[in-house]
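Notes to accompany the following structure.
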Amino acid sequence: MSLSPRLYTQAARLPRELLTACSITIATRGFSALHRPPPNYPGHVPLTSIERGGLAIGSAVMAFLILIVQI
1 MSLSPRLYTQ AARLPRELLT ACSITIATRG FSALHRPPPN YPGHVPLTSI
51 ERGGLAIGSA VMAFLILIVQ I
């Protein structure tokens with residue numbers, strides 16, 4: 001699919017960072033909790049960005065609580 005000349009000239013005026021961000025967003029939309037890519041190895045579960053963030057925050061909170069209990 002090619003861009004029409006009008007759209008192409010409008011896209012050429014946009015900053016490169018914006019075009020990159022838009023293409024990354026479009027490319028990552030298909031990855032959700034219900035539609036995951038295939039695992040890299042047996043037992044691997046690919047996580048979304050929100051799931052990874054929740055895992056990191058939960059891990060940090062639990063590490064902090066364990067540190068507090070030991071003191």
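So that you can map any letter, position 31 of the sequence shown is 31 in the working numbering, and since no number is skipped, the others follow by simple counting.
Ideal Cβ positions, reconstructed from N, Cα and C, are used throughout, including at glycine.
Taking residue i as the reference, give the member of the options with the closest Cα.
i, options, result
"residue 50", "31, 61 and 68", "31"
Compute the beta-carbon to beta-carbon distance between residue i and residue j, rounded to the nearest angstrom, for a pair I have assumed lies under 8 Å.
i, j, result
"residue 67", "residue 55", "Actually they are not in contact, since the Cβ atoms of residue 67 and residue 55 sit about 19 Å apart, beyond 8 Å."
"residue 39", "residue 45", "7 Å"
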